[in-house]
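Asks:
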Amino acid sequence: MVKAIQPTDTHVAEILEAVKAAAQEGKTTLKTYARDFGSGNLYGGQPTVAQAAVIARLNELGFKTAIRSECRQFVDIWLEVSWE
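Numbering follows the numbering used here, with no gaps: position 54 of the sequence shown is 157.
#1: Among Leu161, Gly143, Pro150, which has the Cα closest to the Cα of Cys174?
#2: Which of the three DSSP states is assigned to Leu182 in this structure?
#3: So, does the stretch 156-167 touch the stretch 180-187, judging by three or more C-beta pairs under 8 Å?
#4: Which term fits Phe177, buried or exposed, when burial requires 16 or more other beta carbons within 10 angstroms of its beta carbon?
#5: Give me the Cβ distance between Ile158 and Thr135, rounded to the nearest whole Å; I'm assuming they're in contact under 8 Å.
#6: In angstroms, rounded to a whole number, what distance separates the CA positions of Pro101 and Thr131?
#7: In the DSSP assignment, what are the bridge partners of Arg171?
#8: Which partner residues of Lys134 appear in the DSSP bridge assignment?
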């Protein structure tokens, strides 16, 4: 039986590749806009169902996650993934 690949798996894999590259540079955090984490739908602070699934999977894998923002002329929103 072949397991179907879910969109969440694809997005988590994309983020994990970026985590691997950041870790190889000695970093312990990653700022990512993948899976629309930089989109305006996060202005209210609530991720979409798909974004919440990505966050939950990363947390299951032992990563710490947080939606961060910085207000300047425009608001910059991203997902921060951290590890030790």
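Ideal Cβ positions, reconstructed from N, Cα and C, are used throughout, including at glycine.
Replies: Let me spell this out:
#1: If you number the sequence shown from 1, residue 174 lands on position 71. Measuring from the Cα of Cys174, the nearest candidate turns out to be Gly143.
#2: Sequence index remark: in the sequence shown, residue 182 carries index 79 (1-based). Residue state, collapsed to three classes: strand.
#3: Counting Cβ pairs under 8 Å, three or more are found: they touch.
#4: In the sequence shown, the residue the question calls residue 177 occupies position 74. Result: exposed.
#5: Along the sequence shown, one-based indexing puts residue 158 at 55. Along the sequence shown, one-based indexing puts residue 135 at 32. That belief does not hold up - the Cβ atoms of Ile158 and Thr135 are roughly 11 Å apart, past 8 Å.
#6: This structure leaves residue 101 out entirely; the chain is present only between 104 and 187.
#7: The residue labelled residue 171 in the question sits at position 68 within the sequence shown. According to DSSP, Arg171 bridges with Trp181.
#8: Translated into positions along the sequence shown, residue 134 becomes position 31. Lys134 pairs with Glu183.
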